[in-house]
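Worksheet: one structure, shown below.
Number of protein chains: 2
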Amino acid sequence: MSALLFENVRRTVGREIPQEVLWDFRKLFSEKTFDKKTLLCREGERCRHTWFLESGAVYSYYVNNAGEKTAIQFALEGYWTSDMFSFFGDREALFYIETLEPVQALALDRQRFEEACERFSFAERFFRILAQNAHVAQLYRIATTNSETAEHRYLEFTRRYPHFLARIPQYLIASYLGIAPQSLSRIRQQLATRQARS
Amino acid sequence: MSALLFENVRRTVGREIPQEVLWDFRKLFSEKTFDKKTLLCREGERCRHTWFLESGAVYSYYVNNAGEKTAIQFALEGYWTSDMFSFFGDREALFYIETLEPVQALALDRQRFEEACERFSFAERFFRILAQNAHVAQLYRIATTNSETAEHRYLEFTRRYPHFLARIPQYLIASYLGIAPQSLSRIRQQLATRQARS
DNA sequence: CGTCTATTTGAATGTACTCAAAAGCGGTGG
DNA sequence: CCACCGCTTTTGAGTACATTCAAATAGACG
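Here the protein sequences come in this chain order: A and B.
Numbering-wise, my numbering comes out as the position in the first sequence, counting from 1, plus 440.
Numbering-wise, my numbering comes out as the position in the second sequence, counting from 1, plus 440.
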């Protein structure tokens, strides 16, 4: 049941943690389930939890002044999700987080988060590395969004996140890549015909 | 001399650290100076340090297949800079880092970084919070890049980073915002005439 | 089977780009 | 101190690419 979390910790921290310690760590989380199309977090409200997904899929999105949604990131089982701006800064959330499938998650509130960092030496390190990895991924995304073509970015996306393709609707992937859904459809069409000819 | 670093730590960690502990922490760094237009880090090579800037300015950029540069982030005194992908992952750097002004910096290599995290309980927390803050800032940047107009993004940039405007060339700011330098020039022109009329 | 949502396709529009050149600015050396 | 040179910013004109609007097709779900 918690094997996914334990594996996540082990791989991230890079060393073995005694099973009983992991269980004590695990006890700080509470189990939650969410239906499809449920909001875990709303822009403007406090986001009081960080979630570790045990199953299902969610995505977070930003809504601009004109009311248009932009997909920010996706998460499947084994991923973490939250509005970190709100969770860590105790401020109003910037993003919405919505389930794309029914979700089973382990929820950690801010108090338990701090408790985890104090009680377990591996926890602070674990969350530091998570944040670092996430930051690096975002930097790379910014670099490619601003300098590579939409086609290049789509191919890169399919290469890096093949498991997303099957479970994330295409119009959200288009939004994530910063293009209109029609444009992604046309890019895919071009790729398909080019593929067929060669 | 190290007051900037100490203040940075204090404010980030959110509590006082004894002065002698801060000095022991400080001893892990080595002082470096760099001329203007010096590369601290090259794409494809290992980036073996994280730098804390005591004075001067640097920017990091990405170079795509076509050889075009894209500005990724800027750093002034009081900021940290590195290619985190390379530094933490021990892989080839994705970005270049170049000085825009002569720089005085405190350099921390990977070994000392790990040592700092082991010896000082505040260090792991410090670097976790740094990474989190950086991550949140990038997420917001992605959100606005993909959904707000270039004008909106420029105004937001001037609001959030007024101290950058005086010291970062305009064509780099344009690159950072994901637009051509000519486009930024035109946006500024429009804003100026609109300002004058009202 | 029918409804709702997602994807594809078409045509017209427009925004931001590229290419090109001029003007502005700063630093260096005579 | 001024003249020159290189780099940055501005301005102009034409172009191209992604977008928008619109509608048809395809798929999912009750």
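For every residue, glycine included, the Cβ atom is placed at its ideal position computed from N, Cα and C.
Residue from the options with nearest C-alpha to residue i
| i | options | result |
| --- | --- | --- |
| Phe567 of chain B | B:Ala636, B:Asp475, B:Cys487 and B:Trp491 | B:Trp491 |
| Thr616 of chain B | B:Ala443, B:Arg550, B:Pro458 and B:Tyr501 | For the record, residue 616 of chain B in the displayed sequence is Tyr; it is not Thr. Ranking B:Ala443, B:Arg550, B:Pro458 and B:Tyr501 by Cα distance to Tyr616 of chain B puts B:Tyr501 first. |
| Gly518 of chain A | A:Ser442, A:Ser561 and A:Ala506 | A:Ser442 |
| Thr585 of chain B | A:Thr510, A:Arg486, A:Lys472 and A:Ser470 | A:Thr510 |
| Tyr499 of chain A | A:Ala620, A:Gly618 and A:Ile613 | A:Ile613 |
| Glu485 of chain B | B:Arg531, B:Phe560 and B:Gly507 | B:Arg531 |
| Leu479 of chain A | A:Asn504, A:Phe535 and A:Phe527 | A:Phe535 |
| His489 of chain A | A:Met524, A:Thr598 and A:Ile619 | A:Met524 |
| Asp464 of chain B | B:Thr589, B:Ser561, B:Arg550 and B:Phe527 | B:Ser561 |
| His603 of chain B | B:Gln622, B:Gly529 and B:Leu516 | B:Leu516 |
| Glu541 of chain B | B:Lys476, B:Val461 and B:Glu456 | B:Lys476 |
| Arg550 of chain B | B:Phe528, B:Ile537, B:Arg559 and B:Asn504 | B:Phe528 |
| Val461 of chain A | A:Ala563, A:Leu605 and A:Arg599 | A:Ala563 |
| Thr521 of chain B | B:Gly507, B:Ile537 and B:Ala506 | B:Ile537 |
| Glu649 of chain B | A:Arg599, A:Pro458, A:Cys487 and A:Ala583 | Within the shown structure, residues of chain B are numbered from 441 to 638, placing residue 649 of chain B beyond reach of any answer. |
| Cys487 of chain B | B:Leu605, B:Ser526, B:Phe597 and B:Gln622 | B:Ser526 |
Cβ-Cβ distance between residue i and residue j below 9 Å
| i | j | result |
| --- | --- | --- |
| Glu591 of chain A | Ile569 of chain A | no |
| Leu512 of chain A | Leu579 of chain B | According to the sequence as given, residue 512 of chain A is Ile; it is not Leu. Taking 9 Å as the Cβ cut-off, Ile512 of chain A and Leu579 of chain B qualify as a contacting pair. |
| Arg565 of chain B | Cys557 of chain A | yes |
| Arg482 of chain A | Ala533 of chain A | yes |
| Leu624 of chain B | Tyr594 of chain B | yes |
| Gly496 of chain A | Thr539 of chain A | yes |
| Asn504 of chain B | Glu555 of chain A | no |
Contact with chain B by residue i, beta-carbon distance below 9 Å
| i | result |
| --- | --- |
| Val576 of chain A | yes |
| Asn448 of chain A | no |
| Tyr412 of chain A | Here chain A comprises residues numbered 441 to 638, so residue 412 of chain A is not present and cannot be evaluated. |
| Tyr580 of chain A | yes |
| Leu534 of chain A | yes |
| Gln635 of chain A | no |
| Gln610 of chain A | no |
| Arg618 of chain A | The identity of residue 618 of chain A in the sequence shown is Gly, whereas the question assumes Arg. Yes - at least one Cβ of chain B is within 9 Å of the one on Gly618 of chain A. |
| Phe597 of chain A | no |
| Glu564 of chain A | yes |
| Phe525 of chain A | yes |
| Glu485 of chain A | no |
Anticipated Cβ contact below 8 Å, residue i with residue j, distance rounded
| i | j | result |
| --- | --- | --- |
| Thr473 of chain B | Val543 of chain B | 7 Å |
| Gln610 of chain A | Ala571 of chain B | Contact flag wrong, Cβ pair sits at about 32 Å. |
| Phe514 of chain B | Ile619 of chain B | With a Cβ gap of about 16 Å, Phe514 of chain B and Ile619 of chain B do not count as contacting. |
beta-carbon residue i near the ligand NAD non-hydrogen atom, thresh 8 Å
| i | result |
| --- | --- |
| Ile627 of chain B | The model on display carries no ligand, and the ligand NAD is accordingly not part of it. |
Residue-chain proximity (residue i, chain A), Cβ-Cβ < 9 Å
| i | result |
| --- | --- |
| Ala545 of chain B | no |
| Ala571 of chain B | yes |
| Cys557 of chain B | yes |
| Ser623 of chain B | no |
| Thr584 of chain B | yes |
| Glu508 of chain B | yes |
| Phe528 of chain B | yes |
| Ile512 of chain B | yes |
| Arg568 of chain B | yes |
| Ser470 of chain B | no |
| Glu588 of chain B | yes |
| Ser615 of chain B | yes |
> Three or more C-beta pairs closer than 8 Å, one from the stretch 444–452 of chain B and one from the stretch 629–638 of chain A: is that the case here?
Replying inline: no
> Is it a yes or a no for the stretch 546–565 of chain A touching the stretch 463–479 of chain A, going by three-plus beta-carbon pairs under 8 Å?
Replying inline: Below 8 Å, enough C-beta pairs join the stretch 546–565 of chain A and the stretch 463–479 of chain A to call them touching: three or more.
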